[in-house]
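The sequence shown finishes on residue 960 if you use my numbering, and the numbering steps up by one all the way, no holes.
What follows is a set of notes on a single structure, which appears directly below.
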Amino acid sequence: MPGLLTNRLRTTTEPRFEEDWTRQRRTAADILRRLQTQEGVILADQVGMGKTYVALAVAVSQILSTPDLGQVVIFVPAAVADKWVREWRKFSESLLEPGSGIRCVDQPIRSGEEFLKQLDDHPEDRKHIIVVTHTALTATLKDNFIQLALLHYATRSVQDGAELRQRIVKWSTGRTGLIRNPQFTPDRVAKLLDTAPSKWRETWRHLTSQVLADDPVPKALEGAARNLHLHDLRAVITDALPINSSAGISQRLETARKALAEATQDTWRWMLSSTDLDLPLLIVDEAHRLKNPRTQISQLFGERSGNTGAGAFAGIFRRMLFLTATPFELGHSELIEVLSRMGSVRTLEPPPAHTLKERLDKLKRVLTDAQANAITLDGAWGRLSPDELAVFDAWEPAAPPSAEIGAVAREAWEHAKLAVKARHKMHAALQPWVIRHERPHRRDYHAGAAITANGSSVSGGLQIPESAALPFLLAARAQSVALDEMNTRPLFAYGIASSYEAFGRLGSGHTDEGRDSDLAKEDRESDGALTPSHGTASDAVGWYRREIDMALENVDVRDAHPKVRATVEKAAQLWLEGEKCLIFCWFIKTGEAVERALAKHVDSLILLRASEALGTGSVEETRNELSRISDRLFRRDSSSYERIRQLLEATLTEAAGRHGDVLDLVVDAAIRHLRTPSYLIRYTPLGISITDEEVWAGINGANPRGIVLLDRWRLFAERLARARNQIEATNPKDEHDSEFARLNAALLGAHTEDDQTMRRGASLHPVRRAHGGTERDVRERLIALFNTPFSPDLLVASSVMGEGIDLHQECRFVIHHDLDWNPSVLEQRTGRLDRIGAFAERQGKNIEVYEPYLAGTHDEKMFRVVKDRAQWFDVVMGRSAGADEHITDAEETRLPLHPKIREALAMDLRSPKK
Numbered sequence: 047m048p049g050l051l052t053n054r055l056r057t058t059t060e061p062r063f064e065e066d067w068t069r070q071r072r073t074a075a076d077i078l079r080r081l082q083t084q085e086g087v088i089l090a091d092q093v094g095m096g097k098t099y100v101a102l103a104v105a106v107s108q109i110l111s112t113p114d115l116g117q118v119v120i121f122v123p124a125a126v127a128d129k130w131v132r133e134w135r136k137f138s139e140s141l142l143e144p145g146s147g148i149r150c151v152d153q154p155i156r157s158g159e160e161f162l163k164q165l166d167d168h169p170e171d172r173k174h175i176i177v178v179t180h181t182a183l184t185a186t187l188k189d190n191f192i193q194l195a196l197l198h199y200a201t202r203s204v205q206d207g208a209e210l211r212q213r214i215v216k217w218s219t220g221r222t223g224l225i226r227n228p229q230f231t232p233d234r235v236a237k238l239l240d241t242a243p244s245k246w247r248e249t250w251r252h253l254t255s256q257v258l259a260d261d262p263v264p265k266a267l268e269g270a271a272r273n274l275h276l277h278d279l280r281a282v283i284t285d286a287l288p289i290n291s292s293a294g295i296s297q298r299l300e301t302a303r304k305a306l307a308e309a310t311q312d313t314w315r316w317m318l319s320s321t322d323l324d325l326p327l328l329i330v331d332e333a334h335r336l337k338n339p340r341t342q343i344s345q346l347f348g349e350r351s352g353n354t355g356a357g358a359f360a361g362i363f364r365r366m367l368f369l370t371a372t373p374f375e376l377g378h379s380e381l382i383e384v385l386s387r388m389g390s391v392r393t394l395e396p397p398p399a400h401t402l403k404e405r406l407d408k409l410k411r412v413l414t415d416a417q418a419n420a421i422t423l424d425g426a427w428g429r430l431s432p433d434e435l436a437v438f439d440a441w442e443p444a445a446p447p448s449a450e451i452g453a454v455a456r457e458a459w460e461h462a463k464l465a466v467k468a469r470h471k472m473h474a475a476l477q478p479w480v481i482r483h484e485r486p487h488r489r490d491y492h493a494g495a496a497i498t499a500n501g502s503s504v505s506g507g508l509q510i511p512e513s514a515a516l517p518f519l520l521a522a523r524a525q526s527v528a529l530d531e532m533n534t535r536p537l538f539a540y541g542i543a544s545s546y547e548a549f550g551r552l553g554s555g556h557t558d559e560g561r562d563s564d565l566a567k568e569d570r571e572s573d574g575a576l577t578p579s580h581g582t583a584s585d586a587v588g589w590y591r592r593e594i595d596m597a598l599e600n601v602d603v604r605d606a607h608p609k610v611r612a613t614v615e616k617a618a619q620l621w622l623e624g625e626k627c628l629i630f631c632w633f634i635k636t637g638e639a640v641e642r643a644l645a646k647h648v649d650s651l652i653l654l655r656a657s658e659a660l661g662t663g664s665v666e667e668t669r670n671e672l673s674r675i676s677d678r679l680f681r682r683d684s685s686s687y688e689r690i691r692q693l694l695e696a697t698l699t700e701a702a703g704r705h706g707d708v709l710d711l712v713v714d715a716a717i718r719h720l721r722t723p724s725y726l727i728r729y730t731p732l733g734i735s736i737t738d739e740e741v742w743a744g745i746n747g748a749n750p751r752g753i754v755l756l757d758r759w760r761l762f763a764e765r766l767a768r769a770r771n772q773i774e775a776t777n778p779k780d781e782h783d784s785e786f787a788r789l790n791a792a793l794l795g796a797h798t799e800d801d802q803t804m805r806r807g808a809s810l811h812p813v814r815r816a817h818g819g820t821e822r823d824v825r826e827r828l829i830a831l832f833n834t835p836f837s838p839d840l841l842v843a844s845s846v847m848g849e850g851i852d853l854h855q856e857c858r859f860v861i862h863h864d865l866d867w868n869p870s871v872l873e874q875r876t877g878r879l880d881r882i883g884a885f886a887e888r889q890g891k892n893i894e895v896y897e898p899y900l901a902g903t904h905d906e907k908m909f910r911v912v913k914d915r916a917q918w919f920d921v922v923m924g925r926s927a928g929a930d931e932h933i934t935d936a937e938e939t940r941l942p943l944h945p946k947i948r949e950a951l952a953m954d955l956r957s958p959k960k
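In structure tokens, the structure reads:
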């Protein structure tokens, strides 16, 4: 039975987080109350509202209410697994009273064997919070100890077992042997095969002097081995592994390895589906991924089966908590599918009056009715003309339409009333299952050509200048021909509105169509790539294609793409003003083009400003003079360096909490950046004879923009000091995994890396890019660096950075260079900056969101459609967010929903305040 909210949670926190923590505790208490009588709950708070902390508060309460402290499993996408472990550390250090005894895994569990090992640990070693990735329980098992254990069980208690073991030992030759691991030598394999796997940890220590962190073989394996037919594995060993001859041994070993791999995977499926556990709670992050019953992660929640991986979670957990920020992106059937996964919990006691299926069938009927009414309203509203909108100023849910209004408006009026009535029923039916809070509005949106405005009002899209018109005109004509001849996707329109480079990629025959992945490569269950177009280009389309290619041969033409130029100029302007900016691109080639153009433009601005300040002529002269100034002021053996360092140390010591390592890190990073041309031209009164006194005055505000850079460094030092204090307050052994350690490694790593890239024009360049092909450790470092007041200032990102990460510490500007048909995608991306304690919140300013689009192109259509969908998205649940021409044509020109109707259709799924 779920417990109440534990009194081990602190009731207060830092003043700036007090209101949010109060809401989060109230939500956690509400979830626990609901779990008293039902299988689970969906927490669907908007992005950036702290669902993680609510879930951890529930987890802690469940663990502490379970005798001997239970274990809670948190099931998460691989890309955000590390973040969950880090968030636990922050949560336990700042919001949990000391002495709870709750332990979380040090690192996310990324394999099935490690998951099972965590579940069979002794109580004194047990981790109570287990963060396990989605892919851990769906990937192939490859653990060498488990493979050897299978060989142990296959050759145990059989007549020819001794001989079979001799064969295995003989061909255990390290990397070229049966088990490709140099540590599995014949002597070691012989000893392990003669020892019970439950004693292998101690045996391995004697054999190698290595101390394994856990028993290498889960206890569940022995039970699984009893139920598997291992005679096939024995037969393959007999046939494939000779005692004397070595003829054809390479092929023989490959046959044996294949058989061993198949047996291992069969065993893994059995272990998953036969585990006998009683755990209080399963938390599932990104739970909308459970909407498809045929996916591997959904099948974990199905009925148990000994021959497949299905049902691994069946009957293990008492309750479930699902997290998603996009419940209304799901269709009503998909939402029911997600909720139905909760049917795998243990039987409730006392059992509800109606089964889960009966309750969900009733909910589905209500949702279906609400959606049908919303779709009817959607269609009726689409038939209205602009001059009919004013009559809805008098609309009320119970008011009859005026006798004077026309038939079309009357129809929309009545359908709005019916939709609101059905919506209220839907609200009541959803309330037990879904909790959702929405953040206060703190965003300013700048559409189309507004990205070029400097304080003035600009409406409409970006205009394509006459000098750049030819490629667009040719692409539009090619698109028209392609649609007529092949009924193909509008690739010409898609690509050329993003960048010339993306257009070139789209037309080159690549089946991935140049799209970057939504997921990092280590988390690609299905990256949803666009379906390749069918059909063969006609001669006419090919002719247009060649003409466009010829028009884009000149590099100056390619660099002048109107939207790329607008994005680059806005980002560079923000950089000059001392602001950070996050830029999202959809296409791989567009990301490359924007990064290249932005780096080039920033470098040119550096040289221009430096030339003006220094009175130099040529580029080479300007670079040389900047280098001389940097060397004169910041060379370690110079007196000016020593004076600047002493001033920084004296000013930042208190902010650094008198921690020497914190102070050294901030001061070192500050000086490394100060010596770069990027900082010299923005934050100092640059001149040929600039002195260290002028440098100091500059970082105190005597610079072209009047920015007090020292204040930013002081706040950063305070943040690092808090992280440093948390290490000492909890467990100093965890220092290497702390926020301080990550930032320290990121800043030092960036310095080493940038030593190799100084020819880009700055020793620490302000422009960087992260995309699907960027290694995880590099992405993590870029995330950490972007969350500091140091470089990079401008981060070009693909969809891989659009979910599950925080980029809010030092940035409040985002440019959606490429839009999306789905408004929730844009919401997720903007949400990277809209978090609790965000930079915008601390400054008391709004997040600035730029959505540039090219006027008169497919780009403008996408903008108008996504804005229309945003207002209908949670009204017509599960609306398609695709690019079907017939649907988007209607959505592009539809009138906005009247505010009175929209307000009446709104639902309130917040937790009650009492």
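Glycine included, each C-beta is placed from N, C-alpha and C at the ideal position.
Closest residue to residue i among the options (Cα-Cα distance)
i	options	result
Gly428	Val235, Ala458, Pro443 and Val412	Ala458
Ser143	Arg132, Val106 and Gln153	According to the sequence provided, residue 143 is Glu. The question's Ser does not apply to it. The shortest C-alpha separation from Glu143 is found at Val106.
Pro517	Glu139, Ala606 and Ala468	Ala606
Gly158	Leu267, Trp217 and Ser724	Leu267
Gly96	Arg881, Val911 and Ala200	Arg881
Leu628	Glu170, Phe438, Arg858 and Tyr491	Arg858
Arg46	Ser296, Lys237, Ser138 and Gly706	The structure shown does not extend to residue 46, since the chain is modelled only from 47 to 960, so the question has no answer here.
His811	Val648, Ala242 and Asp76	Val648
Ile542	Ala493, Leu598 and Gly588	Leu598
Leu367	Ala286, Pro731, Val118 and Val235	Val118
Whole-angstrom distance between residue j and residue i, CA atom to CA atom
i	j	result
Ala715	Ser837	10 Å
Ile148	His854	29 Å
Asp558	Phe633	Unreliable placement is indicated for Asp558, whose pLDDT of 43 sits below 50; the coordinate value is still reported in the next sentence. Distance between the alpha carbons of Asp558 and Phe633: 10 Å.
Met388	Trp621	49 Å
Pro232	Ala281	21 Å
Leu409	Ile481	16 Å
Ala496	Arg611	14 Å
Asp757	Leu726	17 Å
Lys646	Pro608	16 Å
Pro869	Val640	23 Å
Asp331	Pro432	43 Å
Leu941	Leu430	7 Å
Thr52	Glu460	49 Å
Per DSSP, cross-strand counterpart(s) of residue i
i	result
Thr179	Val122
Ala843	Phe630 and Ala816
Asp490	Glu894
Arg758	The partner list for Arg758 (beta bridge, DSSP) is empty, contrary to what the question assumes.
Cys961	Absent from the model: residue 961. The displayed extent of the chain is 47 to 960, so no value can be given.
Ile481	Leu89
Ile155	Val178
Met366	Gly86 and Leu328
Assumed close pair residue i, residue j - CB separation to whole angstroms, cut-off 8 Å
i	j	result
Leu464	Asn419	5 Å
Lys959	Arg72	7 Å
Phe832	Lys626	7 Å
Leu766	Leu793	The pair is not a contact, with the Cβ atoms about 10 Å apart (cut-off 8 Å).
Gln108	Leu327	4 Å
Phe161	Val178	5 Å
Glu894	His492	7 Å
Residue-chain proximity (residue i, chain C), Cβ-Cβ < 9 Å
i	result
Pro288	In the structure shown, chain C does not exist; there is a single protein chain.
**Request:** Any chance you could list the beta strand (DSSP E) runs of at least 3 consecutive residues sitting entirely within the region 98 to 148, in chain order?
**Result:** Counting only runs of 3 or more, we get 118 to 122.
**Request:** Mind listing, in chain order, the continuous beta strand (DSSP E) runs of no fewer than 3 residues lying wholly within the region 304 to 344?
**Result:** As far as the region 304 to 344 is concerned, its whole beta strand (DSSP E) runs of at least 3 residues are 325 to 330.
**Message:** Suppose only complete runs of 3+ residues qualify. What are the beta strand (DSSP E) ranges in the region 627 to 684, listed by chain order?
**Reply:** Counting only runs of 3 or more, we get 627 to 630.
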